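The structure under discussion appears below in the form of C-alpha cells.
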Amino acid sequence: MPNILLIGNGAREHAMAEAIMRSGKKPFLFSYMKANNPGIAALSVKTKIGGYSDLEAIVLFARENKIEFAVIGPEDPLNNGVVDALTPAGIPAVGPTKSLARLETSKSFTRNLVAKYNIPGNPQFKVFTSLEGVEEFLNSLDGIVLKPDGLTGGKGVLVQGDHFTSRQEALDLCRQILTGSGSLIVEEKFDGEEFSLQCLCDGKTVAGTPLVQDHKRRFDGDRGPNTGGMGSYSFPDHSLPFLKPSDIEEGLEITRQVTAALLKETGSPYKGVMYGGFIATKNGVKLLEYNARFGDPEAMNILPLLKTDFVEICKHIIAGTLDRLKIEFEKKATVCKYVVPKGYGLPAGHPDAASSKAKIEVGDVGKARLYYSSVDKKEDGLYLSSSRAIGIVGIADTLDAARRITAKGVKAVKGPVAYREDIGTDALIQKRIEHMKKIRG
Ligand code: GLY
0 MPNILLIGNG AREHAMAEAI MRSGKKPFLF SYMKANNPGI AALSVKTKIG GYSDLEAIVL
60 FARENKIEFA VIGPEDPLNN GVVDALTPAG IPAVGPTKSL ARLETSKSFT RNLVAKYNIP
120 GNPQFKVFTS LEGVEEFLNS LDGIVLKPDG LTGGKGVLVQ GDHFTSRQEA LDLCRQILTG
180 SGSLIVEEKF DGEEFSLQCL CDGKTVAGTP LVQDHKRRFD GDRGPNTGGM GSYSFPDHSL
240 PFLKPSDIEE GLEITRQVTA ALLKETGSPY KGVMYGGFIA TKNGVKLLEY NARFGDPEAM
300 NILPLLKTDF VEICKHIIAG TLDRLKIEFE KKATVCKYVV PKGYGLPAGH PDAASSKAKI
360 EVGDVGKARL YYSSVDKKED GLYLSSSRAI GIVGIADTLD AARRITAKGV KAVKGPVAYR
420 EDIGTDALIQ KRIEHMKKIR G
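Residue numbers (numbering that gives the first Met the number 0): 0 to 440.
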C-alpha cells in the first residue's frame with residue numbers, strides 16, 4: 000500500500016489520480032496542488048496547496064508523508080526542477096529532471112538534439128538570438144512557423160496563414176519575440192494532420208499509447224484563437240483514420256531515437272512521459288514538438304482505457320524495467336470535450352470575456368466521465384476561473400457512441416460556459432481523411 004505523491008491540479012492530473020487509485024496495490028494518494036481541484040481532493044488522503052516553485056514545501060510534504068514515489072503532472076514543476084529536488088530526499092519520480100525536461104521547455108534544445116543525432120522529423124529550422132540573418136532565412140521558406148524558445152502553455156507558436164500572412168509581418172513578430180524571450184526559432188511550416196503520441200519512457204524503453212487528436216482552436220471548424228486544447232478523440236484501434244501504420248511506427252522510432260540521444264547527451268535516463276506532437280505530411284511524419292508530460296486533454300482519452308495497473312507502470316518506469324511489462328488499453332473510442340468559460344481565449348474587452356469567475360452548476364453527466372480542471376470550490380458551490388473548467392469524456396465501442404455520451408455530459412454543466420460541438424463528429428473526421436488523401440496524392 001504505497002504512499003504516492005501527485006503534483007498538479009488540472010483535469011489531466013484528475014485523470015492521473017483516478018488511474019493511480021484504480022490500482023490493485025491500494026495506494027494512498029497525497030496531492031500537492033496550486034489550487035484545490037475537488038476531484039483530486041476527493042481521491043486523496045491528504046492535500047497541500049502551494050506554488051510549483053516552492054520546492055522546499057513539496058519535498059517537506061513528501062517527506063512528512065513517507066512518499067514512495069512522486070508522479071508529476073504539469074510542465075511548470077518539471078521546469079522548476081522538482082524531480083532534482085525530490086531525488087536527494089530519496090523520493091524517485093515519474094517525470095524528467097530539469098535538464099531532461101528541456102525536451103519541452105527549450106524548443107531550440109530539442110531541435111538541435113534531433114539535428115545533432117541525425118534523427119528524422121525535423122523541419123528546416125534556425126535558432127536566432129538577434130535579428131541578424133532572420134530576413135534571409137524567412138525568404139528561403141515556403142511557409143513559416145515562429146516559436147519563442149520557452150514554455151508558452153501551447154499558445155506561443157505563430158503559424159503563417161493563421162496568425163500572420165506576409166514576410167514583413169513575420170519579421171515584425173520575430174522582433175517582438177526576440178524582445179520578449181531573447182531566443183527565437185524559425186521553422187518551415189508543414190501541411191498535414193497532427194496527432195499526439197504519448198509514450199511512456201524509462202530511459203531505454205519507449206511504450207506507445209493510443210493515438211489522440213487534439214483541437215487547439217477555440218471554435219468549431221478550427222477557427223478562432225489557439226487554446227490549451229478544447230477537446231480530443233481516439234479510436235478503438237488506437238490509431239487515427241487518416242494515418243497509415245507506418246506513420247505510427249515513424250513517430251515511435253523518432254521517440255526511441257530521441258530517448259537514446261537524451262541519454263547520450265546528458266548521461267541520465269529520461270523517466271516519464273514523452274508526448275510527441277507529430278504531423279503526418281506527404282513526406283512522412285514530422286516532429287512539431289515534444290512535451291515532457293501527458294497531454295491535456297489527451298491524458299483523459301488514454302488513462303481511463305488503461306488495463307495495466309498504472310502504479311505498476313510507474314514502478315517500472317522508475318526501475319528502468321518497462322521492457323518487462325505488457326501495457327494494455329481497452330479497445331474503445333473516446334471523445335473528450337473541455338467545458339470552458341465563455342470568455343476563454345477571447346481578447347480583453349470582448350462582451351463574453353466577463354463570463355469568467357461566474358458560478359456554475361454541474362448536473363447529471365450520465366455515462367460520461369468528469370474531470371475537474373480550473374474550478375474554484377467555494378462554500379456555496381463551484382466557480383469558473385479564467386481557464387478550462389471541466390473535461391467531459393465519453394467512452395464507447397464506436398466514436399459516434401462516445402461522442403453522444405460526451406454531448407449529453409457537457410450539457411449538464413450550467414452557467415456561462417462554452418464547448419466545441421464538432422469534436423468527434425463524422426463531418427470533422429471525414430474532413431481530416433480528405434485532407435490527408437489530398438496531401439498524399
Ligand atoms: N494538448 C496540448 C498540450 O497538452 O500541450
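Glycine included, every Cβ here is placed at the ideal spot set by N, Cα and C. Note that this is a predicted model, so its numbers are computed, not measured.
Original post:
CB-CB under 6 angstroms to L381, same chain, minus the five flanking residues each way: which ones, in chain order?
Top reply: Excluding sequence neighbours, L381 sits near I359 and V374.
Original post:
V81 by DSSP, collapsed to three states: which one?
Top reply: DSSP places V81 in helix when its eight states are reduced to three.
Subject >> V44, buried or exposed, once every other Cβ within 10 Å from all chains shown has been counted against 16 >> reply: Burial call: exposed.
Original post:
Comparing the CB of Y274 with every heavy atom of the ligand GLY, is any distance shorter than 8 angstroms?
Top reply: The nearest non-hydrogen atom of the ligand GLY is less than 8 angstroms from the C-beta of Y274.
Subject >> Reduced DSSP category for P340 - H, G, I as helix; E, B as strand; rest coil >> reply: In the structure shown, P340 adopts extended strand secondary structure according to DSSP, grouped into three states.
Original post:
With distances taken between CB atoms, is the gap from H13 to S372 smaller than 9 angstroms?
Top reply: With contacts defined by Cβ atoms closer than 9 angstroms, H13 and S372 form a contacting pair.
Original post:
In three-state DSSP terms, what is Q159?
Top reply: Strand, per DSSP.
Original post:
Would the C-beta of G227 count as close to the ligand GLY, meaning under 8 angstroms from any of its heavy atoms?
Top reply: Using a cutoff of 8 angstroms, the CB of G227 counts as near the ligand GLY, since one of the ligand's heavy atoms is closer than that.
Subject >> Residue burial classification, E192 (beta-carbon count within 10 angstroms, cutoff 16) >> reply: Under this definition E192 is a buried residue.
**OP:** Check whether the Cβ atoms of T104 and S267 lie closer than 9 angstroms to each other.
**Re:** With respect to S267, T104 sits apart: the two C-beta atoms are not nearer than 9 angstroms.
Original post:
Taking the C-alpha atoms as reference points, what is the distance between T258 and L42?
Top reply: Going from the Cα of T258 to the Cα of L42 covers about 33 angstroms.
Original post:
Any idea what DSSP makes of I312, helix, strand or coil?
Top reply: It is helical.
**OP:** Assuming I39 contacts K106 (C-beta within less than 8 angstroms), just tell me the rounded distance between them.
**Re:** Taking C-beta atoms under 8 angstroms as the contact rule, I39 and K106 fail to qualify, at a distance of about 30 angstroms.
Original post:
Can K215 be considered in contact with the ligand GLY, in the sense that its beta carbon sits closer than 8 angstroms to one or more heavy atoms?
Top reply: Yes, the Cβ of K215 comes within 8 angstroms of a heavy atom of the ligand GLY.
Original post:
Going by other Cβ atoms of all chains shown within 10 Å of its Cβ, with 16 needed for buried, is M435 buried or exposed?
Top reply: Result: buried.
Subject >> Any 3 or more C-beta pairs closer than 8 angstroms across the region 155-172 and the region 242-253 >> reply: No: the two stretches stay apart, fewer than three of their Cβ pairs being nearer than 8 angstroms.
**OP:** Give every residue of the same chain whose Cβ lies closer than 8 angstroms to the Cβ of R216, excluding the five residues on either side of it in the sequence, and list them in chain order.
**Re:** For R216, the CB contacts under 8 angstroms within the same chain, skipping 5 residues up- and downstream, are R222, G223, P224, N225, T226 and M229 in chain order.
**OP:** Taking only heavy atoms of the ligand GLY into account, decide whether any of them is closer than 8 angstroms to the Cβ of E297.
**Re:** Yes.
Original post:
What is the rounded straight-line gap between the Cα of Y418 and the Cα of N300?
Top reply: Straight-line Cα distance between these residues: approximately 17 angstroms.
Original post:
Is the beta carbon of G423 within less than 8 angstroms of some heavy atom of the ligand GLY?
Top reply: The answer is no for G423.
Original post:
Is V271 near the ligand GLY, going by C-beta to nearest heavy atom under 8 angstroms?
Top reply: Note that residue 271 is Gly in the sequence shown here, rather than Val. Every heavy atom of the ligand GLY is 8 angstroms or more from the Cβ of G271, so no.
Subject >> Distance, K336 Cα to V392 Cα >> reply: So the alpha carbons of these two residues sit roughly 7 angstroms apart.
Original post:
Should S233 be listed as close to the ligand GLY, given that the test is whether its C-beta is under 8 angstroms from any heavy atom?
Top reply: Between the ligand GLY and S233, a heavy atom-to-CB distance of less than 8 angstroms is absent.
Original post:
Residue ranges of each beta strand (DSSP E) run of no fewer than 3 residues wholly in the region 36-100, ordered along the chain?
Top reply: Correct list: 45-48 and 68-71.
Original post:
Comparing the CB of S195 with every heavy atom of the ligand GLY, is any distance shorter than 8 angstroms?
Top reply: Yes.
Original post:
Is it right to say N78 is buried, meaning 16 or more other beta carbons lie within 10 angstroms of its own, or is it exposed?
Top reply: Flag for N78 reads buried.
**OP:** On a CA-only basis, which of V126, E186 and G132 is nearest L140? Give me that one, please.
**Re:** Nearest option by C-alpha distance: E186.
**OP:** Look up C198 in the DSSP assignment and give the residues it is bridged to.
**Re:** C198 pairs with G207 and M273.
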